[in-house]
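Quick notes on the structure that follows.
Protein chains in written order, with full-length UniProt numbering: chain A, 1 to 210; chain B, 1 to 210.
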């Protein structure tokens, strides 16, 4: 997604070879127009999958799950990181280690919000270590629902996340795939389209004989 | 907001005289269509205020801040509950006690995302004890930005939140004001419009001589 990649180049702050800060437009202050476009792009990429529900994890996945849910006309569910006293139901749970916060926490989803008939798209802001996404994927599997894929806004391809999801045969689409970064410099690589018909749409008509 | 009040009556679970659970459609599983309408309603109620930014607190305020930001065509900022290692900037901070989670936590906002020129609308899912909203209001004051008001999806009028905000002369608009509740029963009271011209729009033409 060109617009997103340009914003990362312009506004992203690279704190180290592994840590990218995008909180001026994605996950602290949020450019709502860009978030809406990100939601439309996930909806387009997975349009063939008859998705019934979008799933994410609090907090920074919510704006993108919301945008994707709006674009698809379906509800979304966000996994919670702690059990509140109003959350008294039977839950699915998974343990997740956060790279950015250096802590392990429990994520939970009330069981009645994931059904066997559901076709789930997981959406999140980052694919890096993959810990949160693997936790969500395990929860979807436990629920008996179908996981149609994972959509990530930014992927750090040099971390292990994609590999962990691919081991589970989960289709992935990332909108900005960073292959390497250093202060002042970001390299992106292209995503592989899920189905051949999307190649033309994704790359435009630059190579067309017309 | 009639649609919202009906959904609370139909799907809200009243766990005690003080605890209302709405996580099937508002703050765990989210009805994106309803959330979009809630955002449009906040945008309408504060349309005269030339808002430049919507402010909320993670996690359950995000979907409503997003919807309101979309409706107003402005960005939103969400206060974070813990300082992540990617958040290295100078922050505004406030201490907040959570009634539902029975814990006190620190909320922070990177200072560069609130400017003196900003006209801020705070949005959240619940107005109950008011702790989170007072914390956000104090942060806005510290930043020098103008706080134009607070929009709450659900208010529990029998708790102290509104009083604490009114002491600070902050205009409040709640979309569903619960005066009392018990298992199987919810009573609502009407909100007072901010400006007289909104009375007609809000109540329709039932009393019109036409």
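Cβ coordinates follow ideal geometry from the N, Cα and C atoms, glycine included.
If you compare alpha carbons, which of the options is closest to residue i?
{"i": "residue 19 of chain A", "options": "A/179, A/195, A/193", "result": "A/179"}
{"i": "residue 15 of chain A", "options": "A/182, A/33, A/72, A/127", "result": "A/182"}
{"i": "residue 150 of chain B", "options": "B/159, B/194, B/115, B/142", "result": "B/194"}
{"i": "residue 27 of chain B", "options": "B/41, B/104, B/57, B/40", "result": "B/57"}
{"i": "residue 45 of chain B", "options": "B/189, B/184, B/175", "result": "B/175"}
{"i": "residue 39 of chain B", "options": "B/60, B/12, B/67", "result": "B/67"}
{"i": "residue 159 of chain B", "options": "B/3, B/17, B/102, B/7", "result": "B/17"}
{"i": "residue 59 of chain B", "options": "B/43, B/98, B/91", "result": "B/98"}
{"i": "residue 73 of chain B", "options": "A/128, A/32, A/127", "result": "A/32"}
{"i": "residue 25 of chain A", "options": "A/55, A/64, A/43", "result": "A/64"}
{"i": "residue 35 of chain A", "options": "A/125, A/47, A/113", "result": "A/125"}
If you draw a straight line from the alpha carbon of residue i to that of residue j, how long is it in whole angstroms?
{"i": "residue 100 of chain A", "j": "residue 186 of chain B", "result": "42 angstroms"}
{"i": "residue 93 of chain B", "j": "residue 110 of chain B", "result": "9 angstroms"}
{"i": "residue 62 of chain A", "j": "residue 173 of chain B", "result": "24 angstroms"}
{"i": "residue 102 of chain A", "j": "residue 146 of chain B", "result": "36 angstroms"}
{"i": "residue 115 of chain A", "j": "residue 108 of chain A", "result": "15 angstroms"}
{"i": "residue 142 of chain B", "j": "residue 104 of chain B", "result": "21 angstroms"}
{"i": "residue 4 of chain A", "j": "residue 69 of chain B", "result": "19 angstroms"}
Taking C-beta pairs closer than 9 angstroms, name the residues in chain A that residue i reaches, listed in chain order.
{"i": "residue 97 of chain B", "result": "Chain A residues near residue 97 of chain B: none, gap ~14 angstroms exceeds 9 angstroms."}
Quick check on residue i - is its C-beta less than 8 angstroms from some C-beta in chain B?
{"i": "residue 155 of chain A", "result": "no"}
{"i": "residue 124 of chain A", "result": "no"}
{"i": "residue 69 of chain A", "result": "yes"}
{"i": "residue 113 of chain A", "result": "yes"}
{"i": "residue 118 of chain A", "result": "no"}
{"i": "residue 110 of chain A", "result": "yes"}
{"i": "residue 23 of chain A", "result": "yes"}
{"i": "residue 202 of chain A", "result": "Confidence is the limiting factor: at residue 202 of chain A the pLDDT is only 46, short of 50, which leaves the residue's position unreliable, though a coordinate-based value still follows. No - not a single Cβ of chain B is within 8 angstroms of the one on residue 202 of chain A."}
Of all the CB atoms in chain A, is at least one closer than 8 angstroms to the CB of residue i?
{"i": "residue 135 of chain B", "result": "no"}
{"i": "residue 58 of chain B", "result": "yes"}
Using a cut-off of 9 angstroms between C-beta atoms, extract the partners of residue i located in chain B.
{"i": "residue 183 of chain A", "result": "Those do not exist, as residue 183 of chain A stays about 14 angstroms from chain B at its closest Cβ, beyond 9 angstroms."}
{"i": "residue 77 of chain A", "result": "28, 29, 30"}
Which residues of chain B have a Cβ atom closer than 8 angstroms to the Cβ of residue i, listed in chain order?
{"i": "residue 193 of chain A", "result": "Result: empty, since nearest Cβ-Cβ is about 26 angstroms, beyond 8 angstroms."}
{"i": "residue 35 of chain A", "result": "66"}
Name the chain B residues that come within less than 7 angstroms of residue i, Cβ to Cβ?
{"i": "residue 62 of chain A", "result": "59, 62, 63"}
With three or more beta-carbon pairs closer than 8 angstroms as the criterion, would you say the segment 118–126 of chain B touches the segment 41–59 of chain B? yes
At a cut of 8 angstroms, does the segment 147–167 of chain B reach the segment 73–80 of chain B through at least three beta carbon pairs? no
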